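To get the working numbering, take the position in the sequence shown, counting from 1, and add 27.
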Amino acid sequence: MTKQYCLEVSGDFACFTRLEMKVERVSYDVITPSAARAVFEAILWKPAIRWQIHKIEVLKPIRWINLRRNEVGQVISTRNVQTAMKNGHGNLALNIEDERQQRAGLFLRDVKYRLHASFELQNDSQHIHRYPHLNANSDGDGSENNLIKFQRMFERRASKGQCFNQPYLGCREFSADFRLLKPKDDPANLPEELAGERDLGWMLYDLDYSNAADPSPRFFQAKMNDGVIIVPDWNSDEVRG
């Protein structure tokens with residue numbers, strides 16, 4: 028296993044949407060592994076690496092808030108984009124005044140987590156067709172895909188607060204603050220409300236892109252013990268489609 032990192036993330040609001048809610052957004056009780064992965068990828072993403080979340084620590088009591096937001100009722104269709112690309116012109120605009128919809132949502136408020144994760148190098152066969160430039164060096168010297176190089180890149184960027192895009196908590200409008208923790212940092216204080224064991228039910232783990240044309244969701248049985256959720260390995264029997 029490669030080196031593990033711990034990020035402390037926080038925000039005023041969060042929404043980790045349940046897939047079974049088709050119309051109005053309703054959040055899971057805590058951050059999902061896929062949302063946690065997105066936080067790490069916002070700091071360092073490379074086609075040659077894959078982030079694996081190992082543990083989630085909940086640092087603040089679970090609080091809810093009902094909000095109504097304006098959303099757009101539809102998106103530009105892929106077919107229209109392909110037609111415009113083929114013809115060299117086309118109308119791809121959406122008038123938000125015509126497509127605006129107001130929807131209610133049940134979100135989390137005042138959240139704070141510690142996310143523990145590591146990354147591993149992807150096998151060349153998993154990205155060589157999409158990213159051939161990553162395999163330009165045929166002598167196998169590892170200058171392109173180097174584990175130590177990526178570790179140093181992440182440590183440097185995370186410690187300086189740098190990111191490719193602003194990390195967010197489920198929805199992009201709910202931005203997240205983050206900081207990289209070191210092993211010597213103080214352990215988290217457990218709120219009394221989070222003491223004991225709590226069964227959170229089946230939670231979205233991530234999307235399986237084995238079939239890129241039709242990605243499928245994977246789930247796991249989430250249990251929180253004293254504010255800590257242990258995330259099983261992606262290939263574990265605990266992760267189901």
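Idealized CB from N, CA, C, for every residue including glycine. From a predicted model like this one, the values you see are computed outputs, not experimental measurements.
Item to check | Secondary structure of Lys49, DSSP reduced to three states | outcome: Collapsing the DSSP output to three states places Lys49 in coil.
Item to check | Through-space distance from Ala111 to Ala120, alpha-carbon basis | outcome: Cα to Cα, the separation comes out at about 12 Å.
Item to check | C-alpha distance - Arg141 paired with Cys33, whole-angstrom precision | outcome: Straight across, the Cα-Cα distance linking Arg141 with Cys33 is about 6 Å.
Item to check | CB contact flag (Ile76, Gln149, <9 Å) | outcome: Cβ atoms of Ile76 and Gln149: closer than 9 Å.
Checklist entry - Helix, strand or coil for Gln109 per DSSP? => result Correct three-state label for Gln109: helix.
Next on the checklist: Do Asp253 and Ala222 have their beta-carbon atoms positioned less than 9 Å apart in this structure?
Outcome noted: Going by C-beta atoms, Ala222 is nearer than 9 Å to Asp253.
Item to check | Straight-line Cα distance separating Met48 from Val258 | outcome: In a straight line, the C-alpha of Val258 is about 23 Å away from that of Met48.
Checklist entry - Considering only C-alpha positions, which residue in the set Phe246, Pro194, Val53 is nearest to Leu234? => result The candidate whose alpha carbon is nearest that of Leu234 is Phe246.
Item to check | Ala65 - containing beta strand (DSSP E), residue span | outcome: For Ala65, there is no enclosing beta strand (DSSP E); the enclosing alpha helix (DSSP H) has its first and last residue at 60 to 70.
Checklist entry - Does the segment 46 to 60 touch the segment 212 to 220, meaning 3 or more C-beta pairs lie closer than 8 Å? => result Contact between the segment 212 to 220 and the segment 46 to 60 is absent, because fewer than three Cβ pairs lie under 8 Å.
Checklist entry - Which residues in the same chain have their Cβ closer than 6 Å to the Cβ of Gln100, if we skip the five residues on either side of it in sequence? => result A small fix is needed here, since residue 100 is Gly in this sequence, not Gln. Glu126, Gln128.
Item to check | Same chain, Cβ closer than 7 Å to Asp226, five either side skipped, listed in chain order | outcome: Setting aside the 5 residues that flank it on each side, Asp226 is surrounded in the same chain by Lys250, each with a C-beta closer than 7 Å to its C-beta; the list follows chain order.
Next on the checklist: For Glu68 and Phe205, which I take to be in contact (beta-carbon distance under 8 Å), what is that distance rounded to the nearest angstrom?
Outcome noted: The distance from the Cβ of Glu68 to that of Phe205 is about 12 Å, inconsistent with a contact at the 8 Å cut-off.
Item to check | According to DSSP, residues forming a beta bridge with Pro194 | outcome: Checking the DSSP bridge columns, you'll see Pro194 has no partner listed.
Checklist entry - Three-state secondary structure (DSSP) at Gln129? => result Here Gln129 sits in strand by DSSP.
Next on the checklist: Under 9 Å, Cβ to Cβ, is there at least one residue of chain B near Asp226?
Outcome noted: In the displayed structure, chain B is absent; only one protein chain is listed.
Checklist entry - Can we count Arg77 as close to the ligand PLP, meaning its CB is less than 8 Å from some heavy atom? => result No copy of the ligand PLP appears in this structure; indeed no ligand is present at all.
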